[in-house]
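Just so you know, the protein sequences line up as chains B and S, in that order. Reminder that position 3 of the first sequence reads as 135 in the working numbering, one-by-one numbering, no gaps. Reminder that position 114 of the second sequence reads as 246 in the working numbering, one-by-one numbering, no gaps. Virtual Cβ for every residue (Gly too), placed ideally from N, Cα, C. The structure under discussion appears below in the form of structure tokens.
Protein chains: 2
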Amino acid sequence: MRLKDLAEHLGLSQTTVSRALNGYPEVNEATRRRVSDAADALGYRPNASALRLATGRAGAIGLVLRGADELGPHMSEFLSGVGSHMAAQEIDVLVATVASHAEELAAYRRLAASQKVDAVILHSPTTRDERAELLLELKIPFVLHGRTEIGHPVAWLDIDNAGALERATSHLLDLGHRRIALLNGLRGQTFAEHREQGYCAAFADRGLTPDRGLMANGVFTDEAAFRTAQAMLARRPAPTAFLAGSMMTALGVFRAIRQAGLELGTDVSMIAHDDVFPYLNADNMYPTMSTTRSPIRQAGARIADLITQVLAGKPLEEVHELWPVELVLRESSTRVRE
Amino acid sequence: MRLKDLAEHLGLSQTTVSRALNGYPEVNEATRRRVSDAADALGYRPNASALRLATGRAGAIGLVLRGADELGPHMSEFLSGVGSHMAAQEIDVLVATVASHAEELAAYRRLAASQKVDAVILHSPTTRDERAELLLELKIPFVLHGRTEIGHPVAWLDIDNAGALERATSHLLDLGHRRIALLNGLRGQTFAEHREQGYCAAFADRGLTPDRGLMANGVFTDEAAFRTAQAMLARRPAPTAFLAGSMMTALGVFRAIRQAGLELGTDVSMIAHDDVFPYLNADNMYPTMSTTRSPIRQAGARIADLITQVLAGKPLEEVHELWPVELVLRESSTRVRE
DNA sequence: CGAAAATTTGAAATCGCTTTGAATGCCGCA
DNA sequence: TGCGGCATTCAAAGCGATTTCAAATTTTCG
Numbered sequence: 133m134r135l136k137d138l139a140e141h142l143g144l145s146q147t148t149v150s151r152a153l154n155g156y157p158e159v160n161e162a163t164r165r166r167v168s169d170a171a172d173a174l175g176y177r178p179n180a181s182a183l184r185l186a187t188g189r190a191g192a193i194g195l196v197l198r199g200a201d202e203l204g205p206h207m208s209e210f211l212s213g214v215g216s217h218m219a220a221q222e223i224d225v226l227v228a229t230v231a232s233h234a235e236e237l238a239a240y241r242r243l244a245a246s247q248k249v250d251a252v253i254l255h256s257p258t259t260r261d262e263r264a265e266l267l268l269e270l271k272i273p274f275v276l277h278g279r280t281e282i283g284h285p286v287a288w289l290d291i292d293n294a295g296a297l298e299r300a301t302s303h304l305l306d307l308g309h310r311r312i313a314l315l316n317g318l319r320g321q322t323f324a325e326h327r328e329q330g331y332c333a334a335f336a337d338r339g340l341t342p343d344r345g346l347m348a349n350g351v352f353t354d355e356a357a358f359r360t361a362q363a364m365l366a367r368r369p370a371p372t373a374f375l376a377g378s379m380m381t382a383l384g385v386f387r388a389i390r391q392a393g394l395e396l397g398t399d400v401s402m403i404a405h406d407d408v409f410p411y412l413n414a415d416n417m418y419p420t421m422s423t424t425r426s427p428i429r430q431a432g433a434r435i436a437d438l439i440t441q442v443l444a445g446k447p448l449e450e451v452h453e454l455w456p457v458e459l460v461l462r463e464s465s466t467r468v469r470e
Numbered sequence: 133m134r135l136k137d138l139a140e141h142l143g144l145s146q147t148t149v150s151r152a153l154n155g156y157p158e159v160n161e162a163t164r165r166r167v168s169d170a171a172d173a174l175g176y177r178p179n180a181s182a183l184r185l186a187t188g189r190a191g192a193i194g195l196v197l198r199g200a201d202e203l204g205p206h207m208s209e210f211l212s213g214v215g216s217h218m219a220a221q222e223i224d225v226l227v228a229t230v231a232s233h234a235e236e237l238a239a240y241r242r243l244a245a246s247q248k249v250d251a252v253i254l255h256s257p258t259t260r261d262e263r264a265e266l267l268l269e270l271k272i273p274f275v276l277h278g279r280t281e282i283g284h285p286v287a288w289l290d291i292d293n294a295g296a297l298e299r300a301t302s303h304l305l306d307l308g309h310r311r312i313a314l315l316n317g318l319r320g321q322t323f324a325e326h327r328e329q330g331y332c333a334a335f336a337d338r339g340l341t342p343d344r345g346l347m348a349n350g351v352f353t354d355e356a357a358f359r360t361a362q363a364m365l366a367r368r369p370a371p372t373a374f375l376a377g378s379m380m381t382a383l384g385v386f387r388a389i390r391q392a393g394l395e396l397g398t399d400v401s402m403i404a405h406d407d408v409f410p411y412l413n414a415d416n417m418y419p420t421m422s423t424t425r426s427p428i429r430q431a432g433a434r435i436a437d438l439i440t441q442v443l444a445g446k447p448l449e450e451v452h453e454l455w456p457v458e459l460v461l462r463e464s465s466t467r468v469r470e
């Protein structure tokens, strides 16, 4: 069913039918009704490629995922947040997966050259993100999930990682902990730097300095966390508290604690960052897990929103959102016990 | 940079340039070289919409995700498997998210009507999957991840869930377990039915009958698993072994076991199904987890492959793959101890 | 050498839509 | 009656690629 068929069926020109369906004012209300009824009845929908070619809009946004390891379970949540908002706008989401940084850059170049997307979502930025610079150069609008420091203004949405870690660390310090291990993300990632800043700030506020040996950078897998935590617990004096970068990290740390013959929430404390996965609930862990909490799905939905604003022409300087992070105290964080 | 521009730049017609780039035989080798060099140098890539319109191929496949709860962490792995293979073919992956079954059907109708995709990947089928029937009716080619029983032949790739559970159950029976709890997926899902069949078959082989009260259906979240396992452990006599439907399920069961004051691998055994997430490793759990193992990422990559075969015209009857599932024995499954 | 065949190139039609610019019909009003 | 103005409708020209069909050039060979 093409526009032409529909037009013939109705005894109208393509022009009129097109206008009727797209809500142009110069078409008779009776005609419009007739057209849109027929379109519904016949299940007409414009051919996407033709529409895109004619309008010059791709009607799609891109999301490039690099290696599942880095993304882990976050992505499906984030994606469903994005998707829910995009569907309403008749914009689809193109997901490309790449293996390396170089491939990722190439992917953006391809997207730009073939004009497959109107904008992209950029995530997991580094402090000075090369991809962001490339996107600016390619003139692909984008919204950044996170922050980066490059010359130009960019649209971004981020959670207050520094604030979250400052509060979490402060809380542990207030409970008397002094040797607090930080299992952070990879060095260079903006969020990891911010978390470190927050962590250090809490110490500094109290005239204390953190132990460098208790600050680790790595991927957020149970395995990496297990190894790191195990090594740290073997030190003397051992840390009395852990700040875990993600729920997967928390699982690994938890395992290390048990294997060391210690008890979480009694001998050792932990606060983990929780992106809120529906299939893994901090509240249902045993003991229940204290967390810094920020739903990643909502962030995805909001970013989708911001993308449409950017595409509508809103100045990038005005598209900045810093979301606060809740500190939810549960059983895993308790007063130090030496 | 349009084809026209490139053609003018080279002093050639669009026809020739197009042919040169698309590998048609009737173009002089010297010309072809000249053209493709220029294309590379200038970074020319055909406009995707125009290309699609002209060729009638959408150059994309669709993947509709319904509610993150059902998918959980599986999807990002699966997706990266799919994506890696599709990128090579210059086919992109369109991900749509929907909230309900009805929305999902509507999404397929939209995809069909607007011809946004050449094919789709259908996953998590029910025994008689309505979506599969719709796709046939809409004449959208698809490959099913899983199996379903509808009138027509469909292309599918599935893992041998029945075989996997039969072996896992048999193993537990051989270890002397008789009260083996099965934490299965939702009723109606094909894989859940298959798993139940395998489970029952193992009992039947030994002239035994499983306890219906130990067969539960639910979503694969730690929370659901925890509740179910907790309830089952409260029964008398209590189950001595668990078959967990996923790694998330395993975490929940594990927690229930500990909370009941029991020890996994000693008092209670468990075998979990492992889809192999890079961020959660059965080998690194404590105790290490016995699993039925089948990497979902590979399945995604292979399905991408099958899609291209189907699009190339391979008869659906010939596109069937049943993947065996490994049974990996580790510390969590031991001889029963009454 | 010259006609036929083979090779190489190009002009124009096509894909299905939007949008420009023109045409039609109808009304009111002088 | 006639004409400007308004409300509607339409024919045709894009959008940027592929592809058909024809033309130009070169090669082959009797």
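- Secondary structure at R263(S): helix, using DSSP grouped into helix, strand and coil.
- Judged by pairs of C-beta atoms under 8 Å, the region 457-470 of chain B touches the region 408-424 of chain B, as three or more such pairs exist.
- Within 8 Å of the CB of A228(S), the CB atoms of chain B belong to G215, A219, D224, V225, in sequence order along the chain.
- Boundaries of the alpha helix (DSSP H) harbouring S150(B): 146-153, taken from the DSSP string.
- Contact annotation, A182(B) with L185(S): C-beta distance approximately 5 Å; criterion of less than 8 Å satisfied.
- The beta carbon of N316(B) sits closer than 7 Å to those of A324, R327, E328, M347, A348, N349, G377, all from its chain and outside the five residues before and after it, given in chain order.
- At the C-beta level, D261(S) and L454(S) stay beyond 8 Å of one another.
- By the rule that beta-carbons nearer than 8 Å mark a contact, P419(S) does not touch chain B.
- Secondary structure at H309(S): coil, using DSSP grouped into helix, strand and coil.
- In the DSSP assignment, A414(S) falls outside any alpha helix (DSSP H) and carries neither an H nor an E.
- Exposed is the label assigned to E281(S), since fewer than 16 other Cβ atoms lie within 10 Å of its Cβ.
- Within the same chain, A433 come within 7 Å of S216(S) by CB-CB distance, once the 5 residues on both sides are set aside.
- Annotation for R319(B): N349 place their beta carbon closer than 7 Å to its own, counting only its chain and skipping 5 residues before and after.
- Nearest CB-CB separation between N349(S) and chain B: not below the 8 Å threshold.
- Interface flag for A139(S) against chain B is unset, since no Cβ pair is found closer than 8 Å.
- Residue pairing by DSSP puts H277(S) in a beta bridge opposite H255(S), L289(S).
- Judged by DSSP in its simplified three-state form, T372(S) adopts coil rather than helix or strand.
- By the beta-carbon neighbour count (other beta carbons within 10 angstroms, threshold 16), E209(S) is buried.
- Leaving aside the five residues that flank R425(B) on each side, the residues in its chain whose CB is nearer than 6 Å to its CB run, in chain order, D406, E458, V460.
- Residue I389(B) holds the alpha-carbon nearest to the alpha-carbon of A366(B) among I389(B), D292(B), R241(B), A382(B).
- When CB distances to chain S are screened at a threshold of 8 Å, the residues of the region 383-412 of chain B falling below it are L383, G384, R387, R390, Q391, F409, P410, Y411, L412, in chain order.
- Counting only runs of at least 3 residues, the region 325-411 of chain S fully encloses the following beta strand (DSSP E) elements, listed from N- to C-terminal order: 347-349, 373-376, 401-406.
- Straight-line spacing of the CA atoms in F352(S) and G384(S) works out to 9 Å.
- Counting along the chain, the unbroken beta strand (DSSP E) around S422(B) starts and ends at 422-425.
- As summarised for the region 180-255 of chain S, the continuous beta strand (DSSP E) elements at least 3 residues long and confined to that stretch are 192-198, 224-230, 251-255, given in chain order.
- Residue burial annotation: P369(S) is exposed, with fewer than 16 other C-beta atoms found within 10 angstroms of its C-beta.
- The Cβ-Cβ distance between I193(S) and M218(S) falls below 8 Å.
- Comparing alpha carbon positions, the residue from E158(S), L153(S), R166(S) closest to R177(S) is L153(S).
- Residues of chain B whose Cβ lies closer than 7 Å to the Cβ of N316(S) do not exist; the shortest such Cβ separation is about 16 Å.
- By the criterion of a C-beta distance shorter than 8 Å, L142(S) is surrounded in its chain by V149, R166, V167, A170, once the five residues flanking it on both sides are discounted.
- In the three-state reduction of the DSSP assignment, V460(S) falls in the strand class.
- By the neighbour-count definition (other C-beta atoms within 10 Å, threshold 16), P285(B) is an exposed residue.
- The Cβ atoms of K248(B) and A180(S) sit closer than 8 Å to each other.
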